[in-house]
Amino acid sequence: MKMNLDDPKLTAYALGELEEPEKSAVARAIGDSPEAQRVVVETQQVARALRSQYELELNERWIAPRRFIAVTDDSFWSKAGPLAIAAVLTLLALIGALVLATNRSGSALHLAGSSPREQAESGRFSAVEGEEASQFAPDPSRDFGAASYAYVGEHPFVSVSSNPHSGFPIVVTPGSYSEVFQSINAGVLPPKDTVRIEQMINYFNYDYPEPRSDELFSVNVDVAGCPWDQSHRLVRIGLKGREAPRDVHGANVIARDTKIDVEFNPVSVGSYRLIGYDKRSLKGENSNGEGPRDKGIAAGYTVTALYELVPVAQQFSTRQTAQTLLSAKLRFKKPDGNGEVQSIERSVTDDGVDFAQAHPDLKFAAAVAEFGMILCDSGYKGSGTLGAVLKWAQEGKGDDANGYRAGFIEMVRKTQTLKKS
């Protein structure tokens, strides 16, 4: 089946109105079309802007939280005020203009036009190239830890050949996990826009080694099979600051202006996707474009990020040396130094470790990530299920001295019950 960019299903997908299996079919097609991704994002941006402008006039009796009702409903026209009706008409007009502008470029979207084998070989979702990639990459001028934020969509796979560099904020707050936990314990599935996967992952402690005696941080990278897509690889990057006693002022800050740069090897990696960091803060914009400046990283601080990779197909032999997969470089300044930038870099090769043999902490982080994608009904959740999340979390539970991981496992079980109800 083929679908052009002016097909109403694309608009319905952008507004969250499609059900399965059409939703998954459109999601797969969008992964193959940067033009379709652009239309979806622009449609969502227009919808959010209009909804924000007229939300005082929209009554909860005729509009469901976080989504538009069908405008064909008679109750819509009888209860909506003139401004609200104008908003919807404007939305439809703008969507039409976006579609027309895109169609004039000769773009077309194909649904279900490839076999499952072809989809697997292409990584299920094609990588976004060049200019398109920048629209979805993490915006360093935003504070990812702020409480107020707006959802703009998930990051697609980015082509390494056109954009081999990536990064993620060093400072991540764990607030989203508490929101999700409280909602599920109250017997309600959390709203999708409150699920921030990077915050959920970083709610938990991970067993990273202490830094070497001559370094302030340990930079740790490991790789294993991706459990929700066997043709992909999953990379975990973890940082841990050196433990240090408090000074005479009661502070234990060990570094400032910390940044992480990840460079992928195009010989080994075809495309990559940073998992999470899909929200943009409405506060704390940095107009100079230099990215967020942290006020300092405290001793013992840790942060964890996950990347999903599509490897380059290679014919390996026993004599062939494994290629470097990626390098992660941490840059920072000492708080009491002269402003000199220091760096710590680590590289990793892919030894073909299966997910079953992965480090328990990587398994647990993967379980949390997949759980977040399932709650968001992500187009990238792959074959993962809540049952699989339970299995991975149990395998990665470890000693769990504080019981936090056991609490996560129980939350997943409650979610299974809510999904069935």
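Quick note: the sequence shown, position 173, residue 325 per my numbering, numbers continuous.
Heads up, the beta-carbon is just placed ideally off N, CA and C, and yes, glycines get one too.
Assigned exposure category for residue i - 16 Cβ within 10 Å defines buried
i	result
Lys572	exposed
Pro342	buried
Ser328	buried
Glu522	buried
Val340	exposed
Ser530	buried
Glu283	With a pLDDT of 39 at Glu283, under the threshold of 50, the modelled position of that residue is not reliable, and no figure is offered here.
Ser499	exposed
Ala553	exposed
Ala236	Note on Ala236: pLDDT 49, under 50, position unreliable in the model; no value is reported.
Gln334	exposed
Ala517	buried
Asp502	buried
Ala260	Confidence in Ala260 is poor, its pLDDT being 35 and thus under 50, which makes the residue's placement too unreliable to answer from.
Glu194	buried
Gln351	buried
Tyr165	buried
Gly548	buried
Ala510	buried
Sub-8 Å separation of residue i and residue j beta-carbons
i	j	result
Gln427	Glu395	The residue you asked about is not Gln; residue 427 is Ile in the sequence shown. No, these two residues do not count as a Cβ contact at 8 Å.
Pro316	Pro173	no
Val464	Ser420	yes
Val462	Ser495	no
Asp513	Tyr358	yes
Phe560	Val520	yes
Gly319	Ile389	no
Gly534	Asp381	yes
Trp544	Lys566	no
Arg425	Phe507	no
Leu162	Val198	no
Ala451	Gly536	no
Gly524	Ile322	no
Val332	Leu527	yes
Residue i in three-state terms, based on DSSP
i	result
Lys175	helix
Gln494	strand
Val462	strand
Leu538	helix
Lys533	coil
Leu527	helix
Ser513	It is worth fixing the name first, because residue 513 is Asp in this sequence and not Ser. Of the three classes helix, strand and coil, the one that applies to Asp513 here is helix, per DSSP.
Glu415	strand
Ser330	helix
Gly559	helix
Arg219	Low confidence applies here, because Arg219 scores a pLDDT of 37, under 50, leaving its location unreliable; read the following figure in that light. Residue state, collapsed to three classes: coil.
Leu477	strand
Leu162	helix
Phe421	First, the amino acid is wrong: residue 421 is Val here, not Phe. Reduced to three states, the DSSP call for Val421 is strand.
Ala518	helix
Phe507	helix
Leu167	coil
Asn211	Because Asn211 carries a pLDDT of 40, less than 50, the predicted location of this residue cannot be relied on, and the following value inherits that uncertainty. Reduced to three states, the DSSP call for Asn211 is coil.
Lys566	helix
Asn255	Residue confidence is low: Asn255 scores 45 on pLDDT, short of 50, so the model does not pin down where it sits. Its coordinate-derived value is still stated next. Helix, per DSSP.
Thr325	coil
His192	Per the sequence shown, residue 192 should be read as Val rather than His. If DSSP states are grouped into helix, strand and coil, Val192 belongs with the helices.
Lys571	helix
Lys543	helix
Val198	helix
Distance between beta carbons of residue j and residue i, contact taken as under 8 Å
i	j	result
Leu368	Ile336	Not really, about 38 Å apart at Cβ, beyond 8 Å.
Val455	Leu538	No, Val455 and Leu538 are not in contact; Cβ-Cβ is about 27 Å, not under 8 Å.
Val414	Leu478	6 Å
Gly377	Arg364	29 Å between Cβ atoms; not a contact.
Val585	Phe416	Examination of residue 585 is not possible in this model, given that the chain is present from 153 through 573 alone.
Glu306	Asp409	So it is not a contact: roughly 29 Å between Cβ atoms.
Ala188	Leu157	6 Å
Ala480	Glu497	7 Å
Pro379	Ala540	7 Å
Ignoring anything shorter than 4 residues or poking outside the segment 336 to 365, list the alpha helix (DSSP H) runs there in chain order. Counting only runs of 4 or more, we get 349 to 353.
Whole runs of the beta strand (DSSP E) within the segment 366 to 401, excluding any shorter than 3 residues: If we require 3 residues or more, the beta strand (DSSP E) runs fully inside the segment 366 to 401 come out as 369 to 377 and 385 to 393.
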